[in-house]
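If you use the working numbering, the sequence shown closes out at 727, no skipped numbers anywhere.
In this text, a Cβ means the ideal position worked out from N, Cα and C, and glycines have one as well.
A short write-up of the structure that comes next.
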Amino acid sequence: MEIDDFTFPWEEYILYPQNQVFAYSWNKTEPFKENSITYCPDNIPQELTVEYWFIKNNVLNHPNSKHYFHPRAGITKFLTIAEGDDSKKSFKRLHRWRYSPTACYGNNEVHLHPYKVRRISVSEALAIQSLPANFSLPENMSLTNMFKTVGNGVPYLAGKALAQSILDFLYIKKFSDS
């Protein structure tokens, strides 16, 4: 890696450049089918998909797996939103075989589970933000504060890559100034 004194290595740790990610043939939408099973298409990097992170983090057995908002009304609406339909302002159903939009909560944005009739859980929100499986939020936090905490965070792997870039830059700068 070559870095001069004035160039910050912004792209050094990017694993999937945005132009490459958007060039894949991602699934668009499919009719919602509760508890359906589908397989990952061969032409996409599975490690970028929602389902990959759900499985990797074992979200069903995570300490925050039961932390999700239980709808009092609107279940019939949940049933009508196609898997992958993220075109609405509020209710966006994730697609299991597509990358996830950033988990930003607070502007009426609600992510629906790809194949369950519910919102995503805190454990699922943590997973799509690429947090390690052993990371959990305290049980005594309110559900609203749990989702605000997740939504205010930078995706873990993005933050880790940026931190490594900063360390590299400071290390090289330190020795170039000596």
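- Taking only heavy atoms of the ligand MG into account, decide whether any of them is closer than 7 Å to the Cβ of Phe618. With respect to the ligand MG, the structure offers nothing, as it holds no ligand at all.
- Query: Nearest to Gln595 by alpha carbon, out of Lys582, Asn576 and Glu583?
  - Reply: Asn576
- Task: Would you check if there are 3 or more beta carbon pairs closer than 8 Å linking the stretch 688–699 to the stretch 635–647?
- Result: no
- In terms of residues, what are the limits of the beta strand (DSSP E) holding Leu661? Val659 to Leu661
- Member of Gln678, Ser714 and Pro620 whose CA lies at the smallest distance from the CA of Tyr705: Minimum Cα distance to Tyr705 is reached at Gln678.
- Ranges of the alpha helix (DSSP H) found wholly within the stretch 605–649, counting only runs of at least 4: 624–629
- Near Phe684, what residues of its chain come up, given a Cβ to Cβ distance below 7 Å and the 5 sequence neighbours on each side ignored? Leu675
- What are the boundary residues of the alpha helix (DSSP H) that includes Gln567? Gln567 to Ala572
- Item | Straight-line Cα distance separating Val699 from Phe618 | 15 Å
- Message: Let me make sure I understand the geometry here. Which of His660, Ile624, Ala652 and Pro620 has the alpha-carbon closest to that of Ser639?
- Response: His660
- To the nearest angstrom, report how far apart Ile715 and Gln567 are at their CA atoms. The alpha-carbon atoms of Ile715 and Gln567 are separated by roughly 21 Å.
- Enclosing alpha helix (DSSP H) for Gly702 [first to last residue]: Careful: Gly702 lies outside any alpha helix (DSSP H) and carries neither H nor E.
- Task: Rank Lys665, Asn592 and Asp634 by C-alpha distance to the C-alpha of Ser574 and give the top, closest one.
- Result: Ranked by Cα distance from Ser574, the first of Lys665, Asn592 and Asp634 is Asn592.
- Check whether Pro663 and Val608 have beta carbons under 8 Å apart: no
- Task: Determine the extent of the alpha helix (DSSP H) in which Val784 is found, giving its start and end residues.
- Result: Beyond the ends of the chain as shown, which are 550 and 727, falls residue 784; an answer cannot be given.
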